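J.:
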Amino acid sequence: MTKTIAAFAGLVAIALSAAGRAQAEEVDFKEKVLPILKEKCMDCHRAPYKDERGRTKKPKGDLRLDTAEMILKGSEDGKVVVPGKSGESSLYKLTTLTEDDDDVMPPKGDLLTKEQQEILKKWIDEGAKFGDWKEQTFEDTVGAAAKPAAAPEGAPAPSHRGHPAADDLYERLAQGAQPATEQELSALGEAGVQAQPLSAGVPLLRAIVRAKPGNTAADALAALSPHAALVSHLDLAREEISDADLKAVAAMPKLTRLDLRGTKVTDAGIAHLTGAKELVYLNLYGTGVTDAGAAKLAALPKLESVYLWGSKITEKGAAALQGKLPEAKIVWR
């Protein structure tokens, strides 16, 4: 009996020791995560401030990452950190996208390294704890070293990944196009569509659908319908859209980039897209599209990038599509 008790006590001691080591190995926010946010995020996601010209700069997407409260509050689209669930946390997911993805974060400069991505993932999965971090002002938190240095005189302006200049493709598609007015763009915003021209010289639109309370993504697409001939980039990611809603998308003759990630689109929806002959980028991450739907994409010869991971498309289906579109980048996993 005494030996049994001793053995049990020994097991308990080992378990407690292991738990202690696990606790000690938890990601320290201040030491590990904060430096990543300083370097990659806080320049765009901090409290409003005045720039050198006296203009008020607000945090992009209404997302602040300079206090624990604001990190957990999230952005205009909702929470960006779900403690314990990195797979549902856009703060992590958007940093793992590929460089040519419209939504990749940060949108300019170097992407997070694999090590930084893993730190962020582990911190969230462990509960997104802030430890003894004492929140400070942006200047104290970021420091002068993290602020962008002035570009050398005569250096070209930095580019923004995913938003190409008016190259041959967009110049061709923009021929004869009448730009949307400020009033029209404002009305779209009220309807749940964030729309803006691709660039100063190209009136084609980049449209992001984010349905407002009381409205649906279908309502937003209906509001965008009168401007169908201008839409070149369309983001429907994570919106509640149906296969039938893609009929409106198929009516956009100059559509080049389409993001359907996290939607319930299936093969039936893909069938509507076979007429989108200008499409060069398609993201189907997390959709219900299968190999049969993937096969339909072979009808889109201009596709350059297709993202299939997280969908119901198999490795065999992805390989078959690659064979039909040998010059395209088909990303299955």
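If you count by this note's numbering, then the sequence shown holds residues 1159 to 1491, one letter each, in order.
All residues carry an ideal CB built from backbone N, CA and C; glycine is no exception.
Since the model is a prediction, treat every value here as computed from it, not as a measurement.
To which residues of the same chain is Ala1386 closer than 6 Å at the C-beta, ignoring the five residues directly before and after it?
T.: Result list for Ala1386: Ala1409, Met1410, in chain order.
J.: Measure from the alpha carbon of Phe1187 to the alpha carbon of each residue in Ile1229, Asp1220, Cys1202, then state which is nearest.
T.: With distances taken between Cα atoms, Phe1187 lies closest to Ile1229.
J.: To the nearest whole angstrom, what separates the beta carbons of Val1423 and Leu1440, a pair I think is in contact under 8 Å?
T.: Between Leu1440 and Val1423 the Cβ distance is about 11 Å, and since that is not below 8 Å, they are no contact.
J.: Rounded to a whole number of angstroms, what is the C-alpha to C-alpha distance between Ala1330 and Lys1412?
T.: The amino acid occupying residue 1330 in the given sequence is Arg; Ala does not appear at that position. If you take the alpha carbons of Arg1330 and Lys1412, they lie about 10 Å apart.
J.: How long is the line joining the alpha carbons of Val1185 and Asp1283, rounded to whole angstroms?
T.: For Val1185 and Asp1283, the distance between alpha carbons rounds to 10 Å.
J.: Throw me the rounded Cβ distance for the Ala1365 and Asp1393 pair, which I believe falls under 8 Å.
T.: Contact flag correct, Cβ pair sits at about 7 Å.
J.: Roughly how many whole angstroms lie between the Cα atoms of Leu1483 and Ala1457?
T.: Looking at the two C-alpha atoms, the distance is approximately 9 Å.
J.: Whole-angstrom Cβ separation of Arg1415 and His1391, contact assumed at under 8 Å?
T.: That belief holds up - the Cβ atoms of Arg1415 and His1391 are roughly 4 Å apart, short of 8 Å.
J.: Excluding sequence positions up to five away, which residues of its chain have a Cβ less than 8 Å from the Cβ of Ala1478?
T.: Counting only Cβ-Cβ distances below 8 Å, and skipping sequence neighbours, we find Asp1449, Ala1452, Ala1453.
J.: Which one of Lys1218, Gly1219, Thr1214, Leu1223 has the shortest CA to CA distance from Leu1195?
T.: The shortest C-alpha separation from Leu1195 is found at Leu1223.
J.: Does any residue of chain C have a CB that is nearer than 8 Å to the CB of Ala1378?
T.: No chain C is part of this structure, which consists of one protein chain only.
J.: Between the beta-carbon of Asp1417 and the beta-carbon of Ala1395, is there less than 8 Å?
T.: Yes, Cβ-Cβ distance for Asp1417 and Ala1395 is below 8 Å.
J.: Between the beta-carbon of Val1367 and the beta-carbon of Val1389, is there less than 8 Å?
T.: For Val1367 and Val1389, no; Cβs fall outside 8 Å.
J.: Suppose contacts are defined by Cβ-Cβ distances below 8 Å. Is Leu1379 in contact with Asp1403 by that definition?
T.: The answer is yes: Cβ separation under 8 Å.
J.: Apart from the five residues on each side of it in sequence, which residues of its chain come closer than 8 Å, Cβ to Cβ, to Leu1269?
T.: Excluding positions up to five away in sequence, the list reads Thr1253, Glu1257, Val1262.
J.: Measuring straight from C-alpha to C-alpha, what distance separates Ala1338 and Ala1358?
T.: The alpha-carbon atoms of Ala1338 and Ala1358 are separated by roughly 12 Å.
J.: Beta-carbon within less than 6 Å of Gly1475's beta-carbon, same chain only, minus the 5 sequence neighbours each way: which residues are those?
T.: Same-chain partners within the cutoff: Asp1449, Ala1452.
J.: Quick one: what's got a C-beta closer than 7 Å to Lys1218's C-beta in the same chain, skipping five residues either side?
T.: Only Cys1202, His1203 meet the Cβ criterion.
J.: Figure out for me which residue from Trp1490, Asp1326, Val1191, Gly1481 has the closest Cα to the Cα of Glu1276.
T.: The candidate whose alpha carbon is nearest that of Glu1276 is Val1191.
J.: Starting from the C-beta of Thr1271, find all residues in its chain whose C-beta is less than 7 Å away, skip the five residues before and the five after it, and write them out in chain order.
T.: Closer than 7 Å at Cβ, skipping near neighbours: no residue.
J.: Can you give me the C-alpha to C-alpha distance between Trp1281 and Lys1287, rounded to a whole angstrom?
T.: When rounded, the distance between both Cα atoms is 7 Å.
J.: Per DSSP, what kind of secondary structure is Gly1236 in: helix, strand or coil?
T.: DSSP places Gly1236 in strand when its eight states are reduced to three.
J.: Counting along the chain, where does the alpha helix (DSSP H) carrying Tyr1328 start and finish?
T.: From DSSP, the alpha helix (DSSP H) with Tyr1328 extends over 1326–1332.
J.: Does the Cβ-Cβ distance between Gly1420 and Gly1446 come in under 8 Å?
T.: No; because the gap between Cβ atoms is not below 8 Å, this pair is not in contact.
J.: Could you name the residues of the same chain whose beta carbon sits closer than 7 Å to that of Thr1374, not counting the 5 residues immediately before and after it, in chain order?
T.: So the qualifying residues of the chain are Glu1398.
J.: Enumerate, from N- to C-terminal direction, the unbroken alpha helix (DSSP H) stretches of 4 or more residues contained entirely within the stretch 1388–1470.
T.: Correct list: 1404–1408, 1425–1430, 1449–1454.
J.: For Ser1469, which residues in the same chain have their Cβ closer than 6 Å to its Cβ, ignoring the five residues on either side in sequence?
T.: Answer for Ser1469: Leu1442, Thr1445, Val1447, listed in chain order.
J.: So which of Gln1333, Glu1340, Leu1437 has the shortest CA-CA distance to Lys1460?
T.: Nearest option by C-alpha distance: Leu1437.
J.: Could you check whether Val1238 and Leu1221 sit closer than 8 Å to each other, using their CB atoms as the reference points?
T.: Against a cut-off of 8 Å, the Cβ pair of Val1238 and Leu1221 comes out as a contact.
J.: Buried or exposed: Asp1290, going by 16 or more other Cβ atoms within 10 Å of its Cβ?
T.: So Asp1290 ends up on the exposed side.
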